[in-house]
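> Each protein sequence line maps, in turn, to chains A and B. Per my numbering, the first sequence starts with residue 937, numbered consecutively. Per my numbering, the second sequence starts with residue 937, numbered consecutively. The C-beta atom is built at its ideal place from N, Cα and C for all residues, glycine as well. Predicted model, so just to flag it, every value in this text is computed and none were measured. A single structure is presented below for examination.
Number of protein chains: 2
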Amino acid sequence: MKQISTRFSIAVHILSVIALSSNDCTGDFIAGSVNTNPVIIRRIMGMLKKAGLLEVRPGIGGATLRKSPEEITLLDIYRAVNVTEENQLFRIHEDPNIQCPVGRNIESVLQSELREAQAAMEQRLAHTTLSQLKAKFE
Amino acid sequence: MKQISTRFSIAVHILSVIALSSNDCTGDFIAGSVNTNPVIIRRIMGMLKKAGLLEVRPGIGGATLRKSPEEITLLDIYRAVNVTEENQLFRIHEDPNIQCPVGRNIESVLQSELREAQAAMEQRLAHTTLSQLKAKFE
DNA sequence: ATGGTTGTAACTGTTTTTGTTATAACCTTA
DNA sequence: TAAGGTTATAACAAAAACAGTTACAACCAT
Chain A
937 MKQISTRFSI
947 AVHILSVIAL
957 SSNDCTGDFI
967 AGSVNTNPVI
977 IRRIMGMLKK
987 AGLLEVRPGI
997 GGATLRKSPE
1007 EITLLDIYRA
1017 VNVTEENQLF
1027 RIHEDPNIQC
1037 PVGRNIESVL
1047 QSELREAQAA
1057 MEQRLAHTTL
1067 SQLKAKFE
Chain B
937 MKQISTRFSI
947 AVHILSVIAL
957 SSNDCTGDFI
967 AGSVNTNPVI
977 IRRIMGMLKK
987 AGLLEVRPGI
997 GGATLRKSPE
1007 EITLLDIYRA
1017 VNVTEENQLF
1027 RIHEDPNIQC
1037 PVGRNIESVL
1047 QSELREAQAA
1057 MEQRLAHTTL
1067 SQLKAKFE
């Protein structure tokens, strides 16, 4: 990788706009705020919908939160846009030589270490809610 | 990104092999343990050398650690193979619309949140030393 | 001088990301 | 019912990153 996809930051942007505005936000309107193509927004809104965070109204337009901002954490959003494969942040090289003591054990040794590092990051994300972010925009 | 590159796990593999074996480890030998092309190994060893973790002997072959295994953490290795741009794990979309309260503030609000999430992960990586890993291979 | 090694450049195929165009399906309202 | 704005989604393209490969120069003990 180089970095975690902007899908995540755009998803946070989308939910923040929806949480803040009283009137209905269409994909085109949000695209104007994010400054990108509306299809990008709809794609990400589709993921947020699939994750149960958003209710989108086809035809009429706009979307509303399906949970209160207090109940939506950055981790929920992060997971919704599934930025990493199989929810694994770190990738480990495959098929090491099992003749070698290192090659034989590297995967399990690293798996447990990296899982914990990833968990530390995710716990920090889970610590912040959309409602806290909302307060910073007002 | 999809996931963090295998450069990191391969770098850990390389240093573990060197830390464990008494005799000199050539790039070809390590490539055999990792089960990949020797050039991949040399490239990563070059990064570890540049980071001051490794001393490589051109011509004669082999490499030795430049710090004791107690002093080398997973974070040192992670940083050495500079797996992310500018050491920033998360990417944030650019040029949001500054007319919008969200667009105007999203970058700074997210920057501080994501920096902390990344820091939490890195602290966990800094917590584990090569010497601890070494013990798990023996 | 030879042979094994490291250091690098150049190239390839694959995958991911971001953005785009196009089109079908949806729903209000006039 | 027709029109107009909207969501849903497929298909495509350009750019970047990754892992691997070939090739070759530079290095050094014997």
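1) What residues from chain A crowd round B/V970, counting only those whose CB sits closer than 8 Å?
2) Between which two residues does the alpha helix (DSSP H) harbouring B/T942 extend?
3) Does the stretch 997 to 1015 of chain B touch the stretch 1053 to 1064 of chain B, meaning 3 or more C-beta pairs lie closer than 8 Å?
4) Rounded to a whole number of angstroms, what is the C-alpha to C-alpha distance between A/V948 and A/Q1047?
5) Considering only DSSP beta bridges, list what A/T1000 is partnered with.
6) Would you tell me roughly how many angstroms separate the C-alpha atoms of B/H1029 and A/G998, rounded to the nearest one?
7) Evaluate contact between the stretch 969 to 982 of chain A and the stretch 1023 to 1040 of chain B, counting only Cβ atoms and requiring at least three cross-stretch pairs below 8 Å.
8) One question on the structure: do A/I980 and A/I950 come within less than 8 Å of each other, judged by their Cβ atoms?
9) Which residues bound the alpha helix (DSSP H) around A/I1027?
10) Note down, in chain order, each residue of its chain lying with its Cβ closer than 6 Å to the Cβ of B/N1033, except the 5 sequence neighbours on either side.
11) List, in chain order, every chain A residue whose beta-carbon is nearer than 9 Å to that of B/S945.
12) Under 8 Å Cβ to Cβ from A/A967, same chain only, skipping five residues before and after it: list those, please.
13) Beta-carbon of B/K1072 versus every beta-carbon of chain A: anything under 8 Å?
14) For the stretch 999 to 1027 of chain B, enumerate the residues whose C-beta is nearer than 8 Å to any C-beta of chain A, in chain order.
15) What number of angstroms, rounded off, separates the C-alpha of B/C1036 from the C-alpha of A/N1041?
16) Within the 8 Å Cβ cut-off, does A/S958 reach chain B?
17) Contact defined as beta carbons within less than 8 Å: I believe A/A987 pairs with A/R1015. What is the distance between those atoms, to the nearest angstrom?
18) Within 10 Å of its beta-carbon, does B/R952 have 16 or more other beta-carbons around it, so buried, or fewer, so exposed?
19) From the DSSP secondary-structure annotation, give me the bridge partner or partners of A/T962.
20) Please name the residue, chosen from B/S958, B/F1073, B/S1044 and B/T1065, that lies closest to B/K1003 on a Cα-to-Cα basis.
21) Can you tell which of A/Q1068, A/P994, A/T1020 and A/K1070 has its C-alpha closest to the C-alpha of B/K938?
22) For A/E1007, does the count of other Cβ atoms within 10 angstroms reach 16, so buried, or fall short, so exposed?
23) Give me whichever residues DSSP pairs with B/T1065 in a beta bridge.
24) For B/Q939, which three-state DSSP category applies?
25) Identify, in the order they occur along the chain, each residue of the same chain with its Cβ nearer than 7 Å to the Cβ of B/L1050, setting aside the five sequence neighbours on each side.
26) In terms of alpha-carbon separation, which member of A/I946, A/P1005 and A/D964 lies closest to A/M983?
Taking the coordinates as given:
1) Correct list: H1029, P1032, N1033 and G1039.
2) Per DSSP, B/T942 is one residue of the alpha helix (DSSP H) stretching across T942 to L956.
3) Judged by Cβ distances under 8 Å, the stretch 1053 to 1064 of chain B makes contact with the stretch 997 to 1015 of chain B, as three or more pairs qualify.
4) Put simply, the backbone Cα of A/V948 is about 29 Å away from that of A/Q1047.
5) Among the bridge pairs identified by DSSP, A/T1000 is matched with A/E991.
6) C-alpha separation (whole angstroms): 22 Å.
7) They touch, by the three-pair rule.
8) A distance below 8 Å separates the beta carbons of A/I980 and A/I950.
9) Note that residue 1027 of chain A corresponds to Arg in the displayed sequence, not to Ile. Element bounds for A/R1027: n/a, residue is neither H nor E.
10) Here the set comprises G1039.
11) Correct list: F1026, R1027, I1028, H1029, I1042, E1043, L1046 and L1050.
12) Closer than 8 Å at the Cβ level, and outside the excluded window around A/A967, lie N973, P974, I976 and I977.
13) By this cut-off, B/K1072 is an interface position.
14) Here the close residues are L1010, V1019, T1020, E1021, Q1024, L1025, F1026 and R1027.
15) About 52 Å.
16) So, not an interface residue.
17) About 7 Å separates the two Cβ atoms, so the contact holds.
18) According to the sequence shown, residue 952 of chain B is Ser rather than Arg. Under this definition B/S952 is a buried residue.
19) DSSP lists no partner for A/T962.
20) Residue B/T1065 holds the alpha-carbon nearest to the alpha-carbon of B/K1003 among B/S958, B/F1073, B/S1044 and B/T1065.
21) Here the closest residue by C-alpha is A/T1020.
22) A/E1007 counts as exposed, since fewer than 16 other beta carbons sit within 10 angstroms of its beta carbon.
23) Paired residues: B/T1009.
24) Taken through DSSP and simplified to helix, strand or coil, B/Q939 comes out as coil.
25) The residues F1026, in chain order, have a CB closer than 7 Å to that of B/L1050 in the same chain once the five nearest residues on each side in sequence are set aside.
26) Nearest neighbour of A/M983 by Cα position, chosen from A/I946, A/P1005 and A/D964, turns out to be A/I946.
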